[in-house]
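Participant:
In this note's numbering, the protein residues as written are 127 to 308.
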């Protein structure tokens, strides 16, 4: 993936942070796409909902020790941000045929990382997928559990900002999340 591909995807983002994310990618270039080129970089994530949006599928992150949506670092084989989010969700949920709802950016969130992480900040680009409840899930090597939860009864501990991000996704156009930038 090239920075131009990331910028094109960010053009579809509903968040007011779109400009900050685009400025970060423009300034950082390839370093924005590769965790080995800098401590701050883009990540791609996927919020997986039941068809009626009453449940969300989350994983218990092994390293972070919190419940979180599926996602992670961009990989060299990723052609675009949507593909990276789909790959991460498939790998971490075990849902082999998972597809994004429309491939449009649904959420932007920049968050600082502390303790146990080699990165200092993730500029996370979120997408949405819908999965039937009968679909089989599997726990990956990065997680301790994968489970459905009611969106109005989320488990603890949650990744910082996750409840706010979910609420924004469920109430219409994405509201600002995270810090949006430095």
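Cβ coordinates follow ideal geometry from the N, Cα and C atoms, glycine included.
So, at 8 Å on beta carbons, what are the nonlocal neighbours of residue 265 in its own chain, with the 5 sequence-adjacent residues on each side left out?
Facilitator: On the chain shown, position 139 is the one that residue 265 refers to. Correct list, in chain order: 185, 220, 271 and 272.
Participant: Going by the DSSP bridge assignment, what does residue 256 pair with across the sheet?
Facilitator: Against the chain shown, residue 256 aligns to sequence position 130. Residue 256 is bridged to 175.
Participant: Go to residue 129, then tell me how far its alpha helix (DSSP H) extends in each direction, as first and last residue.
Facilitator: The residue given as residue 129 occupies position 3 in the chain shown. 129-136 is the span of the alpha helix (DSSP H), which, as asked, contains residue 129.
Participant: Do three or more CB pairs link the region 138-145 to the region 158-165 at distances below 8 Å?
Facilitator: Taking 8 Å as the limit for Cβ pairs, the verdict is that the region 158-165 does not touch the region 138-145.
Participant: Given a cut-off of 8 Å on the beta-carbon distance, is the pair residue 224 and residue 255 in contact?
Facilitator: Counted from its first residue, the chain shown places residue 224 at position 98. Counted from its first residue, the chain shown places residue 255 at position 129. Cβ atoms of residue 224 and residue 255: closer than 8 Å.
Participant: From this set, 168, 195, 279 and 188, which residue's C-alpha is nearest residue 180's C-alpha?
Facilitator: As a working note, residue 180 is residue 54 in the chain shown. When only C-alpha atoms are compared, the closest one is 279.
Participant: Just checking my contact of residue 222 with residue 213 at CB under 8 Å: how many whole Å lie between their CB atoms?
Facilitator: Within the chain shown, numbered from 1, the residue matching residue 222 stands at position 96. Within the chain shown, numbered from 1, the residue matching residue 213 stands at position 87. Actually they are not in contact, since the Cβ atoms of residue 222 and residue 213 sit about 11 Å apart, beyond 8 Å.
Participant: Relative to the alpha-carbon of residue 118, which residue among 244, 201 and 263 has its alpha-carbon at the smallest distance?
Facilitator: Because the chain in this structure spans residues 127 to 308, residue 118 falls outside the shown range and cannot be described.
Participant: Keeping to the same chain, check which residues put their C-beta closer than 6 Å to that of residue 175; ignore five residues upstream and five downstream.
Facilitator: Walking along the chain shown from the start, residue 175 turns up at place 49. Correct list, in chain order: 182 and 256.
Participant: Sorry if obvious, but does the Cβ on residue 187 come closer than 7 Å to a heavy atom of the ligand SAM?
Facilitator: Among the ligands in the structure shown, none appear at all, so the ligand SAM cannot be discussed.
Participant: Quick one: using the 10 Å Cβ neighbour count with 16 as the cut-off for buried, is residue 155 buried or exposed?
Facilitator: Within the chain shown, residue 155 is the residue found at index 29, counting from 1. Its Cβ having fewer than 16 others within 10 Å, residue 155 is exposed.
Participant: Within the continuous alpha helix (DSSP H) that includes residue 234, where are the two ends?
Facilitator: Position 108 of the chain shown, counted from the first residue, corresponds to residue 234. First-last for residue 234: 233-238, but that is the beta strand (DSSP E), not the alpha helix (DSSP H).
Participant: Less than 8 Å between the beta carbons of residue 134 and residue 172, yes or no?
Facilitator: Residue mapping note: residue 134 aligns to position 8 of the chain shown, counting from 1. Residue mapping note: residue 172 aligns to position 46 of the chain shown, counting from 1. For residue 134 and residue 172, no; Cβs fall outside 8 Å.
Participant: Go to residue 197, then tell me how far its beta strand (DSSP E) extends in each direction, as first and last residue.
Facilitator: By 1-based counting over the chain shown, the position of residue 197 is 71. It spans 196-199 - the beta strand (DSSP E) in which residue 197 sits, taken as one unbroken run.
Participant: Which residue from 247, 284, 164 and 291 puts its Cα closest to that of residue 193?
Facilitator: For the purposes of this step, residue 193 is taken as the residue at position 67 of the chain shown. With distances taken between Cα atoms, residue 193 lies closest to 284.
Participant: Since residue 197 contacts residue 250 with CB under 8 Å, what's their CB separation in whole angstroms?
Facilitator: Here residue 197 refers to the residue found at position 71 when the chain shown is read from its first residue. Here residue 250 refers to the residue found at position 124 when the chain shown is read from its first residue. With a Cβ gap of about 7 Å, residue 197 and residue 250 count as contacting.
Participant: Determine the extent of the alpha helix (DSSP H) in which residue 151 is found, giving its start and end residues.
Facilitator: Residue 151 sits at position 25 when you count from the first residue of the chain shown. It spans 144-154 - the alpha helix (DSSP H) in which residue 151 sits, taken as one unbroken run.
Participant: Report yes if the CB atom of residue 248 is closer than 8 Å to the CB atom of residue 259, and no otherwise.
Facilitator: As a first step, residue 248 must be located in the chain shown, where it is residue number 122. As a first step, residue 259 must be located in the chain shown, where it is residue number 133. It is not a contact, given that the beta carbons lie outside the stated cut-off.
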